């Protein structure tokens, strides 16, 4: 009987207020650490060290791409366009044979060029400077209206060019206008004129009247020449012998045939030719005057501009 009674007795309902298994109570710190670890496991959030490492890896990759063959940094076309842009109207200048203070040089060239803008004059060392002009108009004006002299000394001027290192330059350049007097009319051809002047120096510009054949007395062109090289007094075009004239007063030394100084200040003449040394061997052409035993004179020719008469 007792066994049957126990079968029909229902189990006691669970007591909600009593926990059958004791739960471990965690502190706030443990919960916080566990949450952070769980978050990192799910999202793989980078730590500060991870971020720094990735940045360093990115720079290392970039440097590996830029450094090629003997640690050469390659400049892209975008790099070149960006860094060359501010200098495209600049001029590289050097006062030949005289050193003057920076502020005096700047004042003198501003007075000579008659440029109102207060352009920077940057010292490059070895007596070279960059005149950083702001517009093409000023650059063309300076190049086309030379040659220039400061305290009687020639001011060498050339356009700015990339990778210019003053201490590595072995020769200074001059931009000068030359004339080809009595040039036959059939030779007033763009290609022929370019050949003529490139045979003398680097052609910079052709005079407007020359390019349009409005002036028949002479062809006028602007060329760039190194100061240390003898200029040529003539050039042969086919069977025609063409005289070359160099514009400007005190620009050409007829003692040595170089530009930038005159015979009185010629330091090349100090090294005289050895005895029995023919002038023909130097490539210098001589002309005899028409009358009896006249003294030979050098064939280099210059052209002086007529002085304007003052209004009375």
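In the UniProt record's numbering, the protein residues as written are 1 to 312. Every residue gets a Cβ at the ideal spot worked out from N, C-alpha and C, and that includes glycine. Remember, predicted model here, so these are calculated numbers, not experimental data.
Problem - Limits of the beta strand (DSSP E) - the one that residue 264 falls within - result: From DSSP, residue 264 is part of no beta strand (DSSP E); its letter is neither H nor E.
Practice task
Report yes if the C-beta distance between residue 150 and residue 109 is below 8 Å; otherwise report no.
Solution key: Residue 150 places its beta carbon less than 8 Å from that of residue 109.
Problem - Segment limits, beta strand (DSSP E) that includes residue 70 - result: Note, residue 70: premise wrong, no beta strand (DSSP E); not H, not E.
Exercise for the section: Compare the beta carbon distance of residue 128 and residue 166 with 8 Å and say whether it is the shorter of the two. Expected result: Yes, these two residues count as a Cβ contact at 8 Å.
Practice task
Buried or exposed for residue 184, please, with buried defined as at least 16 other CB atoms from any protein chain shown within 10 angstroms of its CB.
Solution key: Taking a 10 Å sphere around the C-beta of residue 184, we find fewer than 16 other C-beta atoms and assign the residue as exposed.
Practice task
For residue 137, decide whether its Cβ has a neighbour in chain B, counting only Cβ atoms nearer than 8 Å.
Solution key: This model lacks chain B altogether; it includes just one protein chain.
Problem - C-beta atoms of residue 179 and residue 247 nearer than 8 Å - result: Cβ atoms of residue 179 and residue 247: closer than 8 Å.
Problem - Boundaries (first-last residue) of the beta strand (DSSP E) holding residue 247 - result: Taken as a continuous stretch (DSSP letters only), the beta strand (DSSP E) holding residue 247 covers 245–247.
Exercise for the section: Work out the CA separation of residue 101 and residue 190 for me, nearest whole Å. Expected result: Their backbone Cα atoms lie some 44 Å apart in a straight line.
Exercise for the section: Kindly identify the DSSP beta-bridge partner or partners of residue 160. Expected result: Residue 160 pairs with nothing; no bridge assigned.
Problem - According to DSSP, residues forming a beta bridge with residue 302 - result: Beta-bridge pairing by DSSP links residue 302 to 246.
Problem - Three-state secondary structure (DSSP) of residue 170 - result: Residue 170 carries a coil assignment under DSSP once its states are collapsed to helix, strand and coil.
Problem - Rounded C-alpha distance that separates residue 251 from residue 72 - result: Distance between the alpha carbons of residue 251 and residue 72: 43 Å.
Problem - Backbone CA spacing between residue 138 and residue 105 [nearest angstrom] - result: Between residue 138 and residue 105, the C-alpha separation is close to 18 Å.
Handout entry: Environment of residue 182 [buried if 16+ CB atoms lie within 10 Å]
Key = Answer is exposed; the Cβ neighbour count stays below 16.
Exercise for the section: Less than 8 Å between the CB atoms is what I'm expecting for residue 221 and residue 206, so what's the real figure, rounded? Expected result: Right, their Cβ atoms sit about 5 Å apart.
Handout entry: 7 Å CB neighbourhood of residue 274 in its chain, flanking five on each side removed
Key = The pLDDT assigned to residue 274 is 44, lower than 50, so where the model puts this residue is not dependable; a value taken from the coordinates is nonetheless given after this. Apart from sequence neighbours up to five positions away, no residue of its chain approaches residue 274 with a beta-carbon distance below 7 Å.
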